[in-house]
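Protein chains: 2
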Amino acid sequence: MEVILKSAIYRGRTGFLLGATLLLCGGSLAWGGESLPSWNEGSAKRAIVDFVARATDESGQDFVPPAQRIAVFDNDGTLWSEQPLYFQFIFMIDRVKALAPEHPEWQTEEPFHSVLAGDMKGALASGEAGLVKMGMATHAGMTTDEFDKIVTDWLATARHPKSKRPYTEMVYQPMLELLAYLRANGFKTYIVSGGGIEFMRTFSEKVYGVPPEQVIGSSIKTKFELRDGKPVITRLPEIDFIDDGPGKPVGIQKFIGRRPLAAFGNSDGDLQMLQWTAAGAGPRFVLIVHHTDAEREWAYDRKSPIGKLDKALGEAKERGWTVVSMKDDWKTIYPPDK
Amino acid sequence: MEVILKSAIYRGRTGFLLGATLLLCGGSLAWGGESLPSWNEGSAKRAIVDFVARATDESGQDFVPPAQRIAVFDNDGTLWSEQPLYFQFIFMIDRVKALAPEHPEWQTEEPFHSVLAGDMKGALASGEAGLVKMGMATHAGMTTDEFDKIVTDWLATARHPKSKRPYTEMVYQPMLELLAYLRANGFKTYIVSGGGIEFMRTFSEKVYGVPPEQVIGSSIKTKFELRDGKPVITRLPEIDFIDDGPGKPVGIQKFIGRRPLAAFGNSDGDLQMLQWTAAGAGPRFVLIVHHTDAEREWAYDRKSPIGKLDKALGEAKERGWTVVSMKDDWKTIYPPDK
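One line per chain: the protein sequences are A and B, in this order. The opening position of the first sequence corresponds to residue 2 in the working numbering, with each subsequent residue numbered one higher. The opening position of the second sequence corresponds to residue 2 in the working numbering, with each subsequent residue numbered one higher.
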């Protein structure tokens, strides 16, 4: 099933990708040309292109067969923004508001009361237990098809508080190019995120070109049942799997069953995934997106409550992993307005 | 990533597949020709070829885009034999024997005592709890890499008690052809089995052409940890997920995130997977392998303790699902001796 491809030919060390992803498949013919136009010339881009060139050079000693070219990407903060709050958290708040008329008891029950009063500090005061309560109230109790429609409808109408753009346009243009570049070179691209698996699957194919079966995320339990003779899968208010931190390599092993060749993250929640990838035999590629652009995006790392990047940044320096500075390495952050 | 293909051209209603899986990909050129040589002409083969022709005919109203051509296969009794015992159960018994010297307490502890004495009835008398105990003693407590090696070594040396062939040669030749035929027509083939996911992944790619990331099965929990600074994933003695019966559509939704276009099973443990597939919008294909060949394989259905086929057989007749009679529809059962 692997599509392939005369792989990208990298010429010289200047980072200039001369050509050519020759994709002769089913009669179609595609030329790659310059594949990462939103990346500035620099060590990060050079490291990516150099690694891909080596992995796809059949005559070289670092050649990797296409079946083993697995690339895993975190989502929040790596493929799209995560400020001022994780977007799925904003979805949850919007759902609490939308469902409030059916739940008069929420007017006095925390954390719902605080959320409805617009008091986020009060809502967060109920801690993880409060979060889980709100998560279950908004993510469980419907069929998988119904949940898919709820998220799709929300994404179609909700707007980011700062940019006023749809959340699916708050994705990083350079990372979209990177996903496409890796796929053109025979890589299978996966999302491995702490976010909800069914939440991400509603847009991953359209926005990232990543089909639902290549999305790994946190999940709640589900149940198969016949309703009036018609089979449905219902979402239960019980956590099944948390795909974060040490859960990421566990999720990768569970869903993919082999170690990635390349991994991309932005926070300490990705550290174990990066370690697991880096420790594989032969050359591996590990990259961290560092949020350094207060003007065009956000600037945060060691002290941020969201997307905290502390230990992983230290380990990246120690081990020579590639660190992308959004400010310096990216020409643009988001795709052009539609 | 989808490879494609001028799809199989089906001419006429005689079940004669005239041409032509033209696979022009990466410079290689392959002609499909007659793709199901081990299948007798008959209604089962006709139903398969007819469905594939309709799903891949771009000008027809039943055309399905390649990304949605998901085909799911049960393993035990559908892709390989499951008599006189599930092969993974035989692996477990062999492991108990191999590990016995390190466990003197097993000489008096059930179900180990009975297994070591060759008394299968006695072993089974300890019921599900005994089975789980034995499963954990043989499948947990090592890293994923170590377990992979244990299974691979076993498969290389163990022989089936009746045929004396390696278990990986107890696969059904007509089903191997069917897997390849579907893939040549743009289908993504998955295994969805009650068997252990990591057990099957050791041979699925080599034997079935199904890569590890397309294997769904039962699992135990695992844990990521650093051992002397080296990351490992260890297998824990706790059940994570049972991919059987109503667990099969749940597993499909969890791992694939979309409903299959075609499903293949052989027992009541597959019923919910078949129902879930059949209930999708538009044409779907559902097939049951019926073990009717006492001479070349085994003959069993409603009363068999292994691979019991009762409810699903009734439902197949009611709903017009395709039922394959191994005796009548298959020219050969197993691949030729190596």
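Think of the CB as a built atom: it goes at the ideal place given N, C-alpha and C, for glycine as much as any other residue.
Proline 261 of chain A is outside the set of residues whose beta carbon lies under 8 Å from a beta carbon in chain B.
Per DSSP, reduced to three states, the secondary structure at serine 39 of chain B is coil, with no helix or strand assignment.
Beta-bridge partners assigned by DSSP to isoleucine 253 of chain A: none are found. Annotation note: the region 196-250 of chain A contains the following uninterrupted alpha helix (DSSP H) runs of length 4 or greater, listed N- to C-terminal: 198-202 and 205-209. The Cβ of alanine 280 of chain A sits closer than 8 Å to at least one Cβ of chain B. The distance from the Cβ of glycine 78 of chain A to that of valine 290 of chain A is about 7 Å, consistent with a contact at the 8 Å cut-off.
Membership of alanine 263 of chain A in any alpha helix (DSSP H) is not indicated; the residue belongs instead to the beta strand (DSSP E) covering 263-266.
Here DSSP, grouped into helix, strand and coil, assigns tyrosine 301 of chain A to coil. Assignment of valine 65 of chain B by DSSP, reduced to helix, strand and coil, places it in the coil class.
In this structure, proline 213 of chain B and arginine 160 of chain A do not form a Cβ contact; the two beta carbons are roughly 41 Å apart against a cut-off of 8 Å.
Leaving aside the five residues that flank leucine 314 of chain A on each side, the residues in its chain whose CB is nearer than 8 Å to its CB run, in chain order, Ile289, His291, Asp302, Arg303 and Val324. Taking C-beta atoms under 8 Å as the contact rule, isoleucine 94 of chain B and valine 116 of chain B qualify, at a distance of about 6 Å. For proline 175 of chain A, the closest alpha carbon among the candidates A:Pro261, A:Leu80 and A:Ser305 is that of A:Leu80. No residue range can be given for threonine 144 of chain B, since it is assigned to no beta strand (DSSP E) and is classified by DSSP as neither H nor E. Around the C-beta of proline 337 of chain A, fewer than 16 other C-beta atoms lie within 10 Å, and the residue is accordingly described as exposed. Taking C-beta atoms as the reference points, lysine 312 of chain A and methionine 274 of chain A fail to come closer than 8 Å. Inclusion of serine 39 of chain B and tryptophan 331 of chain B in the CB contact set at 8 Å is warranted, their separation being smaller than that value. For tryptophan 331 of chain B, no chain A residue has a Cβ inside 9 Å of its Cβ, as the nearest lies near 26 Å away.
Rounded to the nearest angstrom, the gap between the Cα atoms of isoleucine 198 of chain A and aspartate 120 of chain B is 46 Å. For aspartate 77 of chain B, the secondary structure class from DSSP, reduced to helix, strand or coil, is strand.
Using beta-carbon distances, isoleucine 257 of chain B counts as an interface residue toward chain A, with a partner under 8 Å. Around glutamate 214 of chain A, the beta-carbon contacts reaching into chain B at under 9 Å are Ile71, Lys189, Tyr191, Glu214, Gln215, Phe256, Ile257, Gly258 and Arg259. If you look at leucine 288 of chain A, you'll find it in the beta strand (DSSP E) that goes 286-291. Scanning chain B for C-beta atoms nearer than 9 Å to the C-beta of proline 38 of chain A yields nothing, as the closest lies near 22 Å away. Residue environment: glycine 252 of chain A is assigned as buried (16 or more neighbouring CB atoms within 10 Å of its CB, all protein chains considered). Rounded to whole angstroms, the Cβ separation of tryptophan 299 of chain B and glutamine 84 of chain B is 5 Å, and the two are in contact under 8 Å. Closer than 8 Å to the CB of phenylalanine 64 of chain B there is not a single CB belonging to chain A.
Listed in chain order, the non-local C-beta contacts of threonine 153 of chain B below 6 Å within the same chain comprise Thr203, local neighbours out to five positions each way being set aside. DSSP, read as helix, strand or coil, puts isoleucine 192 of chain A in strand. The residues Leu288, Thr323, Val324, Val325, Ser326 and Asp330, in chain order, have a CB closer than 8 Å to that of alanine 45 of chain B in the same chain once the five nearest residues on each side in sequence are set aside.
For the region 144-156 of chain A, the residues whose beta carbon sits under 8 Å from a beta carbon of chain B are, in order, Thr145.
Listed by position along chain B, the residues whose Cβ is nearer than 9 Å to that of valine 251 of chain A are Lys222, Thr223, Lys224, Phe225 and Ile234. Any Cβ of chain B closer than 8 Å to the Cβ of lysine 231 of chain A would place that residue at the interface, and such an atom is present. In the displayed model, isoleucine 94 of chain B falls within a helix according to three-state DSSP.
Per DSSP, threonine 323 of chain A is one residue of the beta strand (DSSP E) stretching across 323-326.
Isoleucine 217 of chain A sits close to phenylalanine 256 of chain A, with the two beta carbons spaced by under 8 Å.
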